[in-house]
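Colleague:
In the UniProt record's numbering, the protein residues as written are 1 to 474.
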């Protein structure tokens, strides 16, 4: 399905050939509905990668490399002439997606500003100056005479912050309140209320302008969305827009990893070693109550399907638990159908996929429900108790709780994974089945390593045994 026909037209880049747009106005392009969504998803991968890295406390030099790598990896296009179009279109689509609530606007504003910051820093000086001109900033470079009068002070600041001292450096003089981050970090020389900004620090000035413009634009977009777009596009764009803000961008885990299959006799042990907290909690409640409400059955059932529990075993598993409370006959009448339905064997025969972290976090469990994300839906006391049972150490536990307080639920789960397995998870946890797969890989590698070490340690002993036996035979 197409929104409109694709119009192959490249947007004119800003400045002297800069490929970094300022997103001042929507592009005068007609876009296929498929590209409308795919471009937005590619940019969303970049933004979510940045958000995760910021949550993990990455250093500025690490952030710069990560942001540029994310951009190059995800924002490619088979036609180089379309790269700028993709950049601008994807920004405006996500602006529409994230304008709808204050929380969404705040997240988008922060991450897009961070993206712009590192992309601006990657531009050469002449293109940075061109972008400054596009912002129409009322600042001019300091004259040679004024530069000479404060040269020594500027060099002192440069030495203090570890910046190289050059004789041809370009400085701008601006009111100090317009560069608060430089003033707070004591990275700028101030005289008579003016801050002298080196060319390599101009990004702080530009970012202030970029953030201000985008913040106002998001509010205006929200008004258009509420008053006009939401109603006019309710059958075409609205479903796409509403889904994008909670999109999961990784594998669907509909099929278990290669050769992975779990049996009923192993499920208890696997649950203890490799289930994430959300699934481990459901598994425990099922064993305690011999029942789960619909939300819990869907969340746990699809997860088990994704880790390799076959349909016949799934029916046996749920029957064994539910029959103890509702009886075998009622189980067959009321619950067996939905299990077969999840495996695509009933109804429309849709092969349903396991829930992602984003879907689980956004769920709203009611009284008596046990599904959802424990990091979001548990009280702090209950969460601490659950993490302690998983043998998360005190220091790691406090780090997890800190992330939860700041609403970084997936990062909290990632820290739990690292604490339980003693191994880093740089990609972060984005899906319960990813948690399970990564856990199994680590445990399998540990078993393999342990077996190798055992064989090496026993090698000399086995040779000695062989020699003794041969001696007895002779």
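Backbone N, C-alpha and C fix where the C-beta goes; we use that ideal spot for every residue, glycine too.
Note that the structure is predicted; figures quoted are calculated from it, not measured.
Buried or exposed for residue 228, please, with buried defined as at least 16 other CB atoms from any protein chain shown within 10 angstroms of its CB.
Modeller: To locate residue 228, count along the chain shown from 1; it is residue 228. It counts as exposed.
Colleague: Mind reading off the beta-carbon distance from residue 39 to residue 97? Whole number of angstroms is fine, and I expect it under 8 Å.
Modeller: For the purposes of this step, residue 39 is taken as the residue at position 39 of the chain shown. For the purposes of this step, residue 97 is taken as the residue at position 97 of the chain shown. Actually they are not in contact, since the Cβ atoms of residue 39 and residue 97 sit about 12 Å apart, beyond 8 Å.
Colleague: So residue 391 and residue 420 are supposed to be a Cβ contact under 8 Å. How far apart are they, rounded?
Modeller: Locating residue 391 in the chain shown gives position 391, where the first residue counts as 1. Locating residue 420 in the chain shown gives position 420, where the first residue counts as 1. Yes, they are in contact, since the Cβ atoms of residue 391 and residue 420 sit about 7 Å apart, within 8 Å.
Colleague: Count the other C-beta atoms from every protein chain shown that fall within 10 angstroms of the C-beta of residue 61, then say buried if there are 16 or more, exposed otherwise.
Modeller: Numbered from 1 along the chain shown, position 61 holds the residue referred to as residue 61. Label assigned to residue 61: exposed.
Colleague: Out of 104, 432 and 25, which one is the CA nearest neighbour of residue 275?
Modeller: Along the chain shown, one-based indexing puts residue 275 at 275. The shortest C-alpha separation from residue 275 is found at 432.
Colleague: Ends of the alpha helix (DSSP H) at residue 417?
Modeller: Position 417 of the chain shown, counted from the start, is the residue given in the question as residue 417. From DSSP, the alpha helix (DSSP H) with residue 417 extends over 409–421.
Colleague: Please determine, among 72, 68 and 394, the residue with the shortest C-alpha to C-alpha distance to residue 114.
Modeller: On the chain shown, position 114 is the one that residue 114 refers to. Ranking 72, 68 and 394 by Cα distance to residue 114 puts 68 first.
Colleague: According to the neighbour-count rule (16 or more other Cβ atoms, all chains shown, within 10 Å of its Cβ), is residue 451 buried or exposed?
Modeller: As a first step, residue 451 is located in the chain shown; it is residue number 451 there, counting from the start. At residue 451, the pLDDT of 49 sits below 50, so the modelled position is not reliable; the number obtained from the coordinates is stated separately. With fewer than 16 Cβ atoms within 10 Å of its Cβ, residue 451 is classed as exposed.
Colleague: Can you tell me whether residue 451 is helix, strand or coil according to DSSP?
Modeller: Position 451 of the chain shown, counting from 1, holds the residue named residue 451. Note that residue 451 has pLDDT 49, beneath the 50 cutoff, so the model's placement of it is unreliable and no number is given.
Colleague: Using 8 Å as the threshold, is the region 301–309 in touch with the region 356–373, meaning 3 or more CB pairs across them?
Modeller: Judged by Cβ distances under 8 Å, the region 301–309 makes no contact with the region 356–373, as fewer than three pairs qualify.
Colleague: Just the Cα atoms here: how many angstroms apart are residue 195 and residue 150?
Modeller: Reading the chain shown from its first residue, position 195 is the one you call residue 195. Reading the chain shown from its first residue, position 150 is the one you call residue 150. Each residue's Cα considered, the two are about 12 Å apart.
Colleague: How do the region 202–222 and the region 399–406 stand: do at least 3 beta-carbon pairs fall below 8 Å, yes or no?
Modeller: Cβ pair count under 8 Å is below three, so no.
Colleague: For residue 212, tell me which candidate among 165, 329, 346 and 106 has the shortest Cα-Cα distance.
Modeller: Within the chain shown, residue 212 is the residue found at index 212, counting from 1. For the residues 165, 329, 346 and 106, the minimum Cα distance to residue 212 belongs to 106.
Colleague: Buried or exposed: where does residue 138 fall if 16 or more other Cβ atoms within 10 Å of its Cβ makes it buried?
Modeller: Reading the chain shown from its first residue, position 138 is the one you call residue 138. Per the 10 Å Cβ criterion, exposed.
Colleague: Can you grab the Cα-Cα spacing for the pair residue 85 / residue 25, in whole Å?
Modeller: The residue given as residue 85 occupies position 85 in the chain shown. The residue given as residue 25 occupies position 25 in the chain shown. In a straight line, the C-alpha of residue 85 is about 13 Å away from that of residue 25.
Colleague: Comparing C-alpha positions only, which one of 244, 273 and 320 sits nearest to residue 288?
Modeller: For the purposes of this step, residue 288 is identified with residue 288 of the chain shown, where counting begins at 1. When each option's Cα is compared against that of residue 288, the closest is 320.
Colleague: I need the straight-line Cα distance from residue 265 to residue 372, nearest angstrom please.
Modeller: On the chain shown, position 265 is the one that residue 265 refers to. On the chain shown, position 372 is the one that residue 372 refers to. Computed Cα separation, rounded: 27 Å.
Colleague: Report yes if the CB atom of residue 135 is closer than 9 Å to the CB atom of residue 22, and no otherwise.
Modeller: On the chain shown, residue 135 is found 135 positions in, with the first residue counted as 1. On the chain shown, residue 22 is found 22 positions in, with the first residue counted as 1. Result yes, Cβ atoms of residue 135 and residue 22 sit closer than 9 Å.
Colleague: In this structure, does DSSP put residue 188 in helix, strand or coil?
Modeller: Translated into the one-based positions of the chain shown, residue 188 becomes position 188. The answer is coil: DSSP assigns residue 188 none of H, G, I, E or B.
Colleague: Out of curiosity, what's the CA-to-CA distance linking residue 313 and residue 441?
Modeller: Taking the chain shown and counting its residues from 1, one reaches residue 313 at position 313. Taking the chain shown and counting its residues from 1, one reaches residue 441 at position 441. Cα-Cα distance, rounded: 23 Å.
Colleague: With a CB to CB cut of under 7 Å and the five nearest residues on each side skipped, what residues in its chain are close to residue 174?
Modeller: The residue labelled residue 174 in the question sits at position 174 within the chain shown. 139, 194, 195, 197 and 205.
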